[in-house]
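K.L.:
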Amino acid sequence: MPSRLVVFIYVSVVLSVLSACTKKELKPEPVPAPVVVAPVIENIPVRKEVKLRKAPPPVVILVSRDIPAYQQVAEELKRLMKKRATIVSLSAGIKARKQLSALIKKPEYQQFVAIGLTAAKEAKRLAGREDEVVFCQVFNYRDYNLIGPRAKGIGALPGTSEMFATWSRMSPTLKSVGVITGPGLENVIAAAASEASKHGIVLQHKVVSTDKELLFEYKQMAPNVQGLWLLPDNRVLSGRIIKEVMSFSVRNAKQVAVFSEAILRLGGLLSVTTRPDEIAAKVAQRLREAFKGKGVPGQDMVLLEGGNIAVNRIVAKRYNLKYSEK
Amino acid sequence: MLREWLNKVRQLRSAMVRRVELFAGRLWLLMSIRVGQVSERAPTSLANRILMLQIVWAVIFGLLVIGSLWWGSTKVIEGSFQRQGEGWINKLDELGTPLYTSDDKEYFTETVDYLKNFPEISSVQYFNESGTTAIAEYHRDGEVAEPDFHFSEQELQQLQITTGDTKAQLFRTSDSASVFHISAPIWIKAIRSDGMFDFSLDEAADETVQVIGILRVGLDYSRYQKDLESNVMLGSGLIMLLLVMAAYIGRLLIRWSLRPLLQLEEPLNRLAQGETDVEVESSGDREIAQIGRVLNTTISALKERDETLRRMANHDSLTGLINRNYFTEKVELELQRIGREGGSSALFFLDLDRFKFINDTYGHAAGDRLLVAISNLLKQRMREGDLVARFGGDEFTALVHRVDRNQAKEIANSLLNLMQEFKFHEAGEALRIFFSIGITVFDSALQTAHEIFLQADTAVHEAKGRGRNRYHFYESSEDTIVAVRDHGWHDRINKMLEERSLLLYYQPLMGLSDNSEHICEVLLRMPDGTHEVLLPSAFFPAAERFGLMAEVDRQVIRKAVEWLASLSEKGVVLSINLSLQSFEQEEGLEQYLVELVEEFGINTQQLIFELDESVAVRNGEKIRPIIESISAIGFRFAIDNFGAGYASFDYLKHSPVNCLNIDHTLIEGLLQDPLNQITVRAIVEAAQLLGKQTVAKFVPDELTLQQLRKFGIDYAQGNFLCEALPTEHKEPPKLTLVKSLS
Numbered sequence: 000m001p002s003r004l005v006v007f008i009y010v011s012v013v014l015s016v017l018s019a020c021t022k023k024e025l026k027p028e029p030v031p032a033p034v035v036v037a038p039v040i041e042n043i044p045v046r047k048e049v050k051l052r053k054a055p056p057p058v059v060i061l062v063s064r065d066i067p068a069y070q071q072v073a074e075e076l077k078r079l080m081k082k083r084a085t086i087v088s089l090s091a092g093i094k095a096r097k098q099l100s101a102l103i104k105k106p107e108y109q110q111f112v113a114i115g116l117t118a119a120k121e122a123k124r125l126a127g128r129e130d131e132v133v134f135c136q137v138f139n140y141r142d143y144n145l146i147g148p149r150a151k152g153i154g155a156l157p158g159t160s161e162m163f164a165t166w167s168r169m170s171p172t173l174k175s176v177g178v179i180t181g182p183g184l185e186n187v188i189a190a191a192a193s194e195a196s197k198h199g200i201v202l203q204h205k206v207v208s209t210d211k212e213l214l215f216e217y218k219q220m221a222p223n224v225q226g227l228w229l230l231p232d233n234r235v236l237s238g239r240i241i242k243e244v245m246s247f248s249v250r251n252a253k254q255v256a257v258f259s260e261a262i263l264r265l266g267g268l269l270s271v272t273t274r275p276d277e278i279a280a281k282v283a284q285r286l287r288e289a290f291k292g293k294g295v296p297g298q299d300m301v302l303l304e305g306g307n308i309a310v311n312r313i314v315a316k317r318y319n320l321k322y323s324e325k
Numbered sequence: 000m001l002r003e004w005l006n007k008v009r010q011l012r013s014a015m016v017r018r019v020e021l022f023a024g025r026l027w028l029l030m031s032i033r034v035g036q037v038s039e040r041a042p043t044s045l046a047n048r049i050l051m052l053q054i055v056w057a058v059i060f061g062l063l064v065i066g067s068l069w070w071g072s073t074k075v076i077e078g079s080f081q082r083q084g085e086g087w088i089n090k091l092d093e094l095g096t097p098l099y100t101s102d103d104k105e106y107f108t109e110t111v112d113y114l115k116n117f118p119e120i121s122s123v124q125y126f127n128e129s130g131t132t133a134i135a136e137y138h139r140d141g142e143v144a145e146p147d148f149h150f151s152e153q154e155l156q157q158l159q160i161t162t163g164d165t166k167a168q169l170f171r172t173s174d175s176a177s178v179f180h181i182s183a184p185i186w187i188k189a190i191r192s193d194g195m196f197d198f199s200l201d202e203a204a205d206e207t208v209q210v211i212g213i214l215r216v217g218l219d220y221s222r223y224q225k226d227l228e229s230n231v232m233l234g235s236g237l238i239m240l241l242l243v244m245a246a247y248i249g250r251l252l253i254r255w256s257l258r259p260l261l262q263l264e265e266p267l268n269r270l271a272q273g274e275t276d277v278e279v280e281s282s283g284d285r286e287i288a289q290i291g292r293v294l295n296t297t298i299s300a301l302k303e304r305d306e307t308l309r310r311m312a313n314h315d316s317l318t319g320l321i322n323r324n325y326f327t328e329k330v331e332l333e334l335q336r337i338g339r340e341g342g343s344s345a346l347f348f349l350d351l352d353r354f355k356f357i358n359d360t361y362g363h364a365a366g367d368r369l370l371v372a373i374s375n376l377l378k379q380r381m382r383e384g385d386l387v388a389r390f391g392g393d394e395f396t397a398l399v400h401r402v403d404r405n406q407a408k409e410i411a412n413s414l415l416n417l418m419q420e421f422k423f424h425e426a427g428e429a430l431r432i433f434f435s436i437g438i439t440v441f442d443s444a445l446q447t448a449h450e451i452f453l454q455a456d457t458a459v460h461e462a463k464g465r466g467r468n469r470y471h472f473y474e475s476s477e478d479t480i481v482a483v484r485d486h487g488w489h490d491r492i493n494k495m496l497e498e499r500s501l502l503l504y505y506q507p508l509m510g511l512s513d514n515s516e517h518i519c520e521v522l523l524r525m526p527d528g529t530h531e532v533l534l535p536s537a538f539f540p541a542a543e544r545f546g547l548m549a550e551v552d553r554q555v556i557r558k559a560v561e562w563l564a565s566l567s568e569k570g571v572v573l574s575i576n577l578s579l580q581s582f583e584q585e586e587g588l589e590q591y592l593v594e595l596v597e598e599f600g601i602n603t604q605q606l607i608f609e610l611d612e613s614v615a616v617r618n619g620e621k622i623r624p625i626i627e628s629i630s631a632i633g634f635r636f637a638i639d640n641f642g643a644g645y646a647s648f649d650y651l652k653h654s655p656v657n658c659l660n661i662d663h664t665l666i667e668g669l670l671q672d673p674l675n676q677i678t679v680r681a682i683v684e685a686a687q688l689l690g691k692q693t694v695a696k697f698v699p700d701e702l703t704l705q706q707l708r709k710f711g712i713d714y715a716q717g718n719f720l721c722e723a724l725p726t727e728h729k730e731p732p733k734l735t736l737v738k739s740l741s
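Residue numbers (numbering that gives the first Met the number 0), protein chains in the order written: chain A, 0 to 325; chain B, 0 to 741.
Structure (structure tokens):
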């Protein structure tokens, strides 16, 4: 009888846990507010009849702005695709629109790469017309409903495996790291938590909706964590809050992994940034897969696996952390 | 028992009341004296004035410092609290975040507990984004929420502004003035969607801003205000104390700086009191030394002037010997010395025996030369330290110190021997001159100088009476009739002056031309104690000898002016005789006349002063400026007894007189002596040429009058025309009577 009772309790607990997990997974993701994006091109030209593709088609690479993070990816893609790639920078204004309009009219241009949110939103419109779009360098893509059968993306966050590995090597005693984000990044966090656990690190995640809340939660969380992983979620970050978070971290000896090398000088321990070549390679891969069939196959987002890691030696020295170039 | 006790209490109370009244009286007296002293407005001290100026500036500066301290401190506190308020806004902005992100209100309880540690926070209110509803609020113990508080539309508009880098902050001061409220919006910010890829700390991030609520904080700085007040009061007290100390030190410094100037005060005071033996320090600071040098120069000039005046006042202008007044002082000093030291001294009274003869025979100039020669002779003969004076006319006196009768006799003999050898050369003749010497030896301080003079005078009269060219010692047993007589004259004249019993008579002058004035000569008489009167010749010598003539003259002038002012007839002119002593008085004749005229309101043209020809000529240099000065204010002068032999026509050219009274010796024998006629005519013609009028006195008869009229005489006078009349006649003798005679 007691053994039955123990089995019953055990089964009940397992079922409860599974039920909770299921509910969490089934929890509807926040529906982003409809965003009206002003068309860059007023009248989308009608495409001519699409012919069967025998060779990889030319690719239009739309670049939102002329910033290094976009341009480096665009240049890497162009290097991979050679003459097939045509880069159009939307920062060129009317000239870019005319150029894009001319390209769209040509039937051989069926694949587009969008770098940055502005380009992704523009490309989404094209994707609705049988063209294939792969976007990259876009955070919070769900807020803009960028995913579709012919539109898929590449993650904007670097891979966390290397980050946690490096961090753990430097700080073997690191056991708990906090991460505070806006809503909708649960899969990213889950993947990261999985990677962290491989190094014995527990990731404590809080979801907030404002920058103030982020700071507040961080201060609440601070006594329970040894470090903070500051994700580049623009919705809950502001310049002042970043500085205050970093200032608080320094004052309280919290190790912080940041998303930009620029923030290292505020007291960040290490920064993890994406590698343009990896992004370009994954984009090219998805375009090749799309060439083989209709639409862009596979997951909505392909996460990055690698990343560039930079360490603030001064902070590392202050925390008595050992760092060696590997 | 009880009654005794009550009586004691009453006595005690009465004594206390008296004491209080006495104290109050003294206090009142003291205050009155103080007020009186202040009202006298004594000259202020330069040091005090500088010190006062310094204090005024210091007080103004102190007040400015205190005011600035107060105002500045208040502003600093306000500014500090505003900045502190801004800090609290930021802090409370963060602390209030959960209020806008969850429904968990318990967290605010922790915030309230936290706020209780800061008593300067009087209230904290979190409003919703529209500012209409407070979603949480905290009020300090004892504080209550403002009823019906709401933001104005304008405030809300300002608080909803999300542009710019800084939030709007509204400051509102409450009625209590030590509490103010700061309101600020609660912002949330987010970096733009694709802004993370080019995130830079150096550039302002492109962010979106949203107002999620409004925070209102009340800060009470009354406690700081009170601390400020007490500190400012303490500081003010210290500043005032420093000012007092600075004033005291300033006073010492000013005194020290002005000490050279203050040191001038003592010599200047001595100088102001007439002391000229003063030496002012002329070293030290440049400015003070300059003042000292100038003062010393001034003092030297004063000394020289004093010396000149003293010499003029004490010496005879003709002979250079000391005069009678100064000699009298010296005699009094000698009497005092004898009183202190004992011993005896002698006074010599020397009278030239033939001086009148010399004067009449060889003229006035020869007489003067004789006087000068005799003076030099006496100065050479007398011992050093002895004094020789010209006592008047041909009289000399000598004070011989520390001699007895025998020594005095030797000196007298030597003087007589000296004169035996002396010859006065004049007009080719060698004239022998002798002295009559009266000597008195005095050894008692109980005597007066006047008595000494009387004794010597008596002795000289005795010497003259015994045949001249001899000396005679005064003997106390020789209080002869002469001495008594002279002494009697002195007393009688003094009594007459004291009683103002001089008698004035008036004798009119007859005008011989059509534009003649109504002139009366004032004639002096002296009551003899019976019903008779004495002529001036009876008492003038004594009056002159005793120096009483000036007083006689002034009394005559005053009585004459009184009578003149009482006359109903206006335009009467009085002619009054003056003696030489009137010109020698220290108190100026001019000032006396001016005051008299102002007192009685008469015209200065109504008075003519007659001066004897001999006096006018002998003392011309001395009296000329006085006559000119008195003439300048309208009085007129006449030379009496003109033509008696002293004056010349050359003298007339420079004489400041207006009228010539021709000597009676020329008038009385006019018809009989052709030389007199020529002389009178010449005098009249010369006078007319010089614009002076002429008066013929002692006209004896009608024929003489007719002759004088022919000569052009302006006025005639004499008993033949009208006798002198006493002032009992309230009006002067009538001209009609006089004219009818013509």
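For each residue, glycine too, the CB sits at the ideal point set by N, CA and C.
Which same chain residues, not among the five before or five after Y322 of chain A, have their C-beta less than 6 Å away from its C-beta?
P.N.:
Same-chain partners within the cutoff: M169, V310, A315.
K.L.:
Beta carbons nearer than 8 Å to chain B: which residues of the region 101 to 119 of chain A have them?
P.N.:
Hits within the stretch, in order: G115, L116, T117.
K.L.:
If you reduce the DSSP assignment to three classes, tell me which class F538 of chain B lands in.
P.N.:
Note: F538 of chain B maps to helix in three-state DSSP.
K.L.:
With a cut-off of 8 Å, does the C-beta of A32 of chain A fall near any C-beta of chain B?
P.N.:
Unreliable positioning characterises A32 of chain A in this predicted model, as indicated by a pLDDT of 34, which lies under 50. The coordinate reading is nonetheless provided below. Not an interface residue.
K.L.:
By Cβ distance, which residues of its chain are closer than 8 Å to L263 of chain B, with the 5 residues on each side in sequence left out?
P.N.:
The residues are V279, E280, I287, I290, G291, L294.
K.L.:
Using a Cβ-Cβ cutoff of 8 Å, what residues of the region 244 to 278 of chain A are near chain B? List them in chain order.
P.N.:
Going along the region 244 to 278 of chain A in chain order, one finds F258, S259, A261, I262, R264, L265 with a Cβ nearer than 8 Å to chain B.
K.L.:
For Y505 of chain B, write down the residues that DSSP places opposite it in a beta bridge.
P.N.:
Partner(s): B:V521, B:L724.
K.L.:
Between which two residues does the beta strand (DSSP E) carrying E594 of chain B extend?
P.N.:
Run containing E594 of chain B: none in the beta strand (DSSP E); it sits in the alpha helix (DSSP H), 588 to 599.
K.L.:
Report the residue from B:L669, B:S221, B:S512, B:L534 whose alpha carbon sits nearest the alpha carbon of I712 of chain B.
P.N.:
Nearest of B:L669, B:S221, B:S512, B:L534 to I712 of chain B, Cα basis: B:S512.
K.L.:
Candidates B:L522, B:W70, B:A542: which alpha carbon is nearest L493 of chain B's?
P.N.:
It is Asn, not Leu, that sits at residue 493 of chain B in the sequence shown. Here the closest residue by C-alpha is B:A542.
K.L.:
Along the region 164 to 186 of chain A, where does the CB come closer than 7 Å to a CB of chain B? Name the residues.
P.N.:
Flagged: no residues at all.
K.L.:
Enumerate in chain order the residues of its own chain whose CB-to-CB distance from E516 of chain B is below 8 Å, with the five nearest sequence positions on each side excluded.
P.N.:
Closer than 8 Å at Cβ, skipping near neighbours: G510, G570, V572.
K.L.:
For A135 of chain B and chain A, any beta-carbon pair shorter than 8 Å?
P.N.:
So, not an interface residue.
K.L.:
From G690 of chain B to Q676 of chain B, what does the alpha carbon distance come to, in whole angstroms?
P.N.:
About 21 Å.
K.L.:
Could you tell me whether the Cβ atoms of R380 of chain B and S413 of chain B are closer together than 8 Å?
P.N.:
Yes, they are a contact pair.
K.L.:
Going by other Cβ atoms of all chains shown within 10 Å of its Cβ, with 16 needed for buried, is T447 of chain B buried or exposed?
P.N.:
T447 of chain B is exposed by the Cβ-count criterion.
K.L.:
Any Cβ of chain B within less than 8 Å of the Cβ of K211 of chain A?
P.N.:
At least one chain B Cβ lies under 8 Å of K211 of chain A.
K.L.:
A221 of chain A to F247 of chain A, Cα distance in whole Å?
P.N.:
Near 9 Å, if we compare the C-alpha coordinates of F247 of chain A and A221 of chain A.
K.L.:
Determine, using beta carbons only, whether F215 of chain A comes closer than 8 Å to chain B.
P.N.:
For F215 of chain A, the answer is yes, since a Cβ of chain B falls inside 8 Å of its Cβ.
K.L.:
Which residue wins for smallest C-alpha separation from L98 of chain B, given the options B:F538, B:D112, B:I134?
P.N.:
Out of B:F538, B:D112, B:I134, B:I134 has the C-alpha closest to the C-alpha of L98 of chain B.
K.L.:
Which residues in the same chain have their Cβ closer than 8 Å to the Cβ of R287 of chain A, if we skip the five residues on either side of it in sequence?
P.N.:
Within the same chain, R287 of chain A has close Cβ partners P55.
K.L.:
Taking Cβ positions only, does F138 of chain A come closer than 8 Å to chain B?
P.N.:
Closer than 8 Å to some Cβ of chain B, the Cβ of F138 of chain A qualifies, so yes.
K.L.:
Residues in its own chain within less than 7 Å of F634 of chain B by CB, not counting five upstream and five downstream?
P.N.:
Contacts found: L592, T603, L606, F608.
K.L.:
List, in order along the chain, the chain B residues whose C-beta lies closer than 7 Å to that of N233 of chain A?
P.N.:
Per Cβ cutoff of 7 Å: A189, I190, R191, S192, G194, M195.
K.L.:
My guess is that L346 of chain B and A444 of chain B are in contact by the Cβ rule of under 8 Å, so how many angstroms apart are they, rounded?
P.N.:
No, L346 of chain B and A444 of chain B are not in contact; Cβ-Cβ is about 14 Å, not under 8 Å.
K.L.:
Does the separation of the CB atoms of T703 of chain B and L659 of chain B fall below 8 Å?
P.N.:
For T703 of chain B and L659 of chain B, no; Cβs fall outside 8 Å.
K.L.:
Could you run through the region 84 to 97 of chain B and flag, in chain order, every residue whose CB is less than 7 Å away from some CB of chain A?
P.N.:
Here the close residues are E93, T96, P97.
K.L.:
Just confirm the distance between the C-beta atoms of L257 of chain B and A57 of chain B, as a whole number of angstroms; I'd bet it's less than 8 Å.
P.N.:
19 Å between Cβ atoms; not a contact.
K.L.:
Answer with yes or no whether the minimum CB distance from S199 of chain B to chain A is below 8 Å.
P.N.:
Yes, its Cβ sits closer than 8 Å to a Cβ of chain A.
K.L.:
When burial is assigned at 16 or more other CB atoms within 10 Å of the CB, is C721 of chain B buried or exposed?
P.N.:
Buried, because 16 or more other Cβ atoms sit within 10 Å of the Cβ of C721 of chain B.
K.L.:
Could you tell me which chain B residues have their CB closer than 7 Å to the CB of S208 of chain A, listed as they occur along the chain?
P.N.:
What S208 of chain A touches in chain B: T100.
K.L.:
Helix, strand or coil for M195 of chain B? Go by DSSP, reduced to three states.
P.N.:
Coil.
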